[in-house]
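Taking numbering that gives the first Met the number 0, the leading residue of the sequence shown gets 0, the next gets one more, and so forth. Note sheet for the following structure.
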Amino acid sequence: MIKSLIQNNEINWEKINLKRNEFLLKQGDKERYFYYVISGALRAYTFINEEELTIRFAYKGSIVASIPAYFSGEASELSIQAIRKCSLLRIRKKELETYIEAEKSRLILYNQMLVELVTSFYHREIDLLTQSPSDRIERIRKRSPQVFQEIPHKYIASYLRMSAETLSRLLNS
Numbered sequence: 000m001i002k003s004l005i006q007n008n009e010i011n012w013e014k015i016n017l018k019r020n021e022f023l024l025k026q027g028d029k030e031r032y033f034y035y036v037i038s039g040a041l042r043a044y045t046f047i048n049e050e051e052l053t054i055r056f057a058y059k060g061s062i063v064a065s066i067p068a069y070f071s072g073e074a075s076e077l078s079i080q081a082i083r084k085c086s087l088l089r090i091r092k093k094e095l096e097t098y099i100e101a102e103k104s105r106l107i108l109y110n111q112m113l114v115e116l117v118t119s120f121y122h123r124e125i126d127l128l129t130q131s132p133s134d135r136i137e138r139i140r141k142r143s144p145q146v147f148q149e150i151p152h153k154y155i156a157s158y159l160r161m162s163a164e165t166l167s168r169l170l171n172s
């Protein structure tokens, strides 16, 4: 779905670049865009009880947005920050919706993309409920092996709800 959207000349994608540590979206902002990552890596994170928690990663070929804020129109509870220099394509929410609603086949593809997104959220929930830190690492390795090549370990540790030291020890054992 996303590749057909990107290659479609009817859609006005805007290319943007982010420097390392630059924000795509800050907590409290409204999410007005849907993004496709051309290169680089980003993380979506929030704070709970003053602890910074990484929720999601995005890298080449990924879509990224603060999904709840995107659909609700409310302020984002997440910040999305580049952890490497990034190039992205973005499209305004309204423009994407107009394009999708114009043809039933587009709506079907869009729904398939949403199913994939919901499925990824489900897998994330299972990751968080998995008791063993080594099992959480193994789940990520099987599902998204590129994470360990694309993302610095301190962010992976946050994503897996463990210290960077624990992650390092488990990866080296």
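Note that the Cβ used here is the ideal one computed from N, Cα and C, for glycine as well.
- Query: Looking at C-beta atoms only, is the number of pairs between the stretch 50-59 and the stretch 89-104 that lie closer than 8 Å three or more?
  - Reply: These segments do not touch.
- Message: Using a 10 Å radius around the Cβ and a threshold of 16 neighbouring Cβ atoms, would you call Gly60 buried or exposed?
- Response: In the sequence shown, counting from the first residue as 1, residue 60 sits at position 61. The residue in question, Gly60, is exposed, as its Cβ has fewer than 16 Cβ neighbours within 10 Å.
- Item | Buried versus exposed call for Gly72 [16 or more other C-beta atoms within 10 Å across all chains shown] | Mapped onto the sequence shown, residue 72 falls at position 73. Burial call: exposed.
- Best match in Asp126, Arg19, Arg91 for proximity to Leu159 [C-alpha to C-alpha]: Start at 1 with the first residue of the sequence shown, and residue 159 comes out as number 160. Selected option, being the one with the closest Cα: Asp126.
- Query: Considering Thr53, what are the terminal residues of the beta strand (DSSP E) in which it resides?
  - Reply: Taking the first residue of the sequence shown as position 1, residue 53 is located at position 54. Unbroken beta strand (DSSP E) run through Thr53: 50-58.
- So, Leu41 versus Ile79, is the Cβ gap smaller than 8 Å? Your numbering for residue 41 matches position 42 in the sequence shown. Your numbering for residue 79 matches position 80 in the sequence shown. In contact: Leu41 and Ile79 (Cβ atoms closer than 8 Å).
- In terms of residue numbering, what span does the beta strand (DSSP E) encompassing Ala163 cover? Stepping through the sequence shown from its first residue, residue 163 is reached at position 164. Premise fails: Ala163 lies in the alpha helix (DSSP H), 163-171, not in any beta strand (DSSP E).
- Contact check, Ile15 vs Arg83, beta carbons under 8 Å: Translated into the one-based positions of the sequence shown, residue 15 becomes position 16. Translated into the one-based positions of the sequence shown, residue 83 becomes position 84. No, these two residues do not count as a Cβ contact at 8 Å.
- Please list, in chain order, all residues of the same chain as Gln145 whose beta carbon is under 8 Å from its beta carbon, the five residues on each side excluded. Translated into positions along the sequence shown, residue 145 becomes position 146. Excluding positions up to five away in sequence, the list reads Tyr58.
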